[in-house]
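Per UniProt numbering, the sequence shown starts with residue 1, numbered consecutively.
From the three backbone atoms N, C-alpha and C, an ideal C-beta is built for every residue, glycine too.
Since the model is a prediction, treat every value here as computed from it, not as a measurement.
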Amino acid sequence: MTSSSRSESINAFFDGFVNANTHLNEFIIQYEKALKSRRDAEEQEDYMTLNSTAALFTNFSIEQYAAKIYTKSIFKLFQHEFKLSLECWYDVVKISPTCVTYKVGLSCDVKSKWCLVTYDESEDIKAKCECAKFETHGYLCKHILHVMTAIKHLREIPTNFILKRWTIDARNISHMQGDSSQNDVVSPMMKWRLAGLSKKLLDQASLSVEIYEEVYETFNKLSLKYDSFVHRDESDTMLSQVGSNLDLHKIPEISIRDPPILRTKGRPKLATRITFGIEKSQNQKKRRTCGSCGGKGHYATTCPNIMEVRFFNLHFLLNICSNKISFFAG
Numbered sequence: 001m002t003s004s005s006r007s008e009s010i011n012a013f014f015d016g017f018v019n020a021n022t023h024l025n026e027f028i029i030q031y032e033k034a035l036k037s038r039r040d041a042e043e044q045e046d047y048m049t050l051n052s053t054a055a056l057f058t059n060f061s062i063e064q065y066a067a068k069i070y071t072k073s074i075f076k077l078f079q080h081e082f083k084l085s086l087e088c089w090y091d092v093v094k095i096s097p098t099c100v101t102y103k104v105g106l107s108c109d110v111k112s113k114w115c116l117v118t119y120d121e122s123e124d125i126k127a128k129c130e131c132a133k134f135e136t137h138g139y140l141c142k143h144i145l146h147v148m149t150a151i152k153h154l155r156e157i158p159t160n161f162i163l164k165r166w167t168i169d170a171r172n173i174s175h176m177q178g179d180s181s182q183n184d185v186v187s188p189m190m191k192w193r194l195a196g197l198s199k200k201l202l203d204q205a206s207l208s209v210e211i212y213e214e215v216y217e218t219f220n221k222l223s224l225k226y227d228s229f230v231h232r233d234e235s236d237t238m239l240s241q242v243g244s245n246l247d248l249h250k251i252p253e254i255s256i257r258d259p260p261i262l263r264t265k266g267r268p269k270l271a272t273r274i275t276f277g278i279e280k281s282q283n284q285k286k287r288r289t290c291g292s293c294g295g296k297g298h299y300a301t302t303c304p305n306i307m308e309v310r311f312f313n314l315h316f317l318l319n320i321c322s323n324k325i326s327f328f329a330g
């Protein structure tokens with residue numbers, strides 16, 4: 001796994017539970033919630049794998065065999081490759097007494113895109129493809145599947161091409177091994193097994209009244225038989241809770257705080273630097289100087305002295321005009 005893939009997987013794991021503003025004490029709680037969510041999703045996937053039947057695309061024995069051994073999600077990936085294998089062609093490249101090299105690819109692709117498949121039957125069946133899908137993903141590619149089905153006519157996947165972690169029995173065995181070391185604790189796998197059997201009995205009981213009455217009587221007897229065990233477990237649980245409450249004062253109180261804020265490397269975001277005299281003088285706004293009177297803060301066009309002169313001249317002209325008008329009128 002590359003560093004970027006590892007980072008993306010971690011982000012996907014904590015997506016919806018942790019963000020950049022999550023405190024340390026909240027992170028621990030959210031981490032437990034993320035783990036519980038992942039466990040619940042896996043348990044739901046296991047339940048669907050054990051209590052549902054995969055839809056087959058063909059009647060090939062190798063596809064039926066894969067549906068029995070693989071989990072539901074892995075079988076979908078295998079089935080996609082198997083469908084593509086039916087559209088493949090092949091050419092024989094090299095033949096030796098125990099090993100044959102083929103060039104396999106989709107019929108719609110040019111032969112330059114086909115992959116070399118080395119098939120060895122000396123001891124155990126060994127096959128290796130240029131695409132390396134089995135080495136990277138853990139299930140067979142369309143090229144090897146085409147050789148196994150179309151050329152060698154295999155009915156089952158060889159055991160050396162079945163990874164235990166992708167099979168239905170992988171979690172089943174781990175649960176069964178863990179049950180003996182957990183003081184007789186019923187695992188989720190055991191509960192699902194019982195739920196599947198109960199569903200099967202209910203379907204059979206709906207066929208006739210006679211079967212229904214027999215199943216109902218059996219269930220009723222078992223329920224009455226184990227009622228005493230349930231009540232005894234409840235009383236033991238209550239006593240253990242009372243005992244744990246009495247010992248609460250002995251447990252030291254632990255407070256989780258945020259880590260101390262340390263000074264980071266580099267220039268701070270809001271840092272200010274010392275400005276020198278030359279820079280201050282350059283940054284200061286230059287005041288305006290009048291070209292007429294030499295005053296500051298205005299130009300010659302807005303000089304108050306010139307405005308007074310202009311106003312006086314205008315007033316003088318108005319007086320002259322008014323005198324002329326009155327002369328001609330008289």
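- Distance check between S107 and each of Y90, M48, T101 and T98 places Y90 closest, using alpha-carbon atoms only.
- By the CB criterion at 8 angstroms, Q79 and F60 fall outside the cutoff.
- Comparing C-alpha distances from P158 to each of A66, V93, F27 and G295 shows the shortest one belongs to A66.
- In the three-state DSSP reduction, T71 falls in the coil class, being neither helix nor strand.
- In this structure, DSSP gives W89 an extended state, which the three-state scheme calls strand.
- Under the three-state reduction of DSSP, G196 is assigned to helix.
- In the pairwise beta carbon analysis, the segment 94-113 is classified as touching the segment 142-150: at least three pairs are separated by under 8 angstroms.
- Within the DSSP bridge table, the entry for G105 names W89 as partners.
- Ranked by Cα distance from V117, the options K111, H137, V110 and K128 are led by K128.
- Excluding the 5 residues flanking it on each side, Y47 has same chain C-beta neighbours closer than 6 angstroms at W192, in chain order.
- For Y119, the uninterrupted beta strand (DSSP E) segment begins and ends at C115 to D120.
- Cβ contact annotation for D124 (same chain, cutoff 8 angstroms, sequence separation greater than five): P158 and N160, in chain order.
- Excluding sequence positions up to five before and after Q204, its CB lies within less than 8 angstroms of the CB of I211 and V215, all in the same chain and listed in chain order.
- Contact annotation, T71 with I168: C-beta distance approximately 6 angstroms; criterion of less than 8 angstroms satisfied.
- Taking C-beta separations shorter than 7 angstroms and ignoring five residues to either side along the sequence, K221 has no partners in its chain.
- Apart from sequence neighbours up to five positions away, the residues of its chain that approach E121 with a beta-carbon distance below 7 angstroms are T98, ordered along the chain.
- Counting of Cβ neighbours within 10 angstroms places E26 among the exposed residues, the total staying below 16.
- Assigned with DSSP and collapsed to three states, V147 falls in helix.
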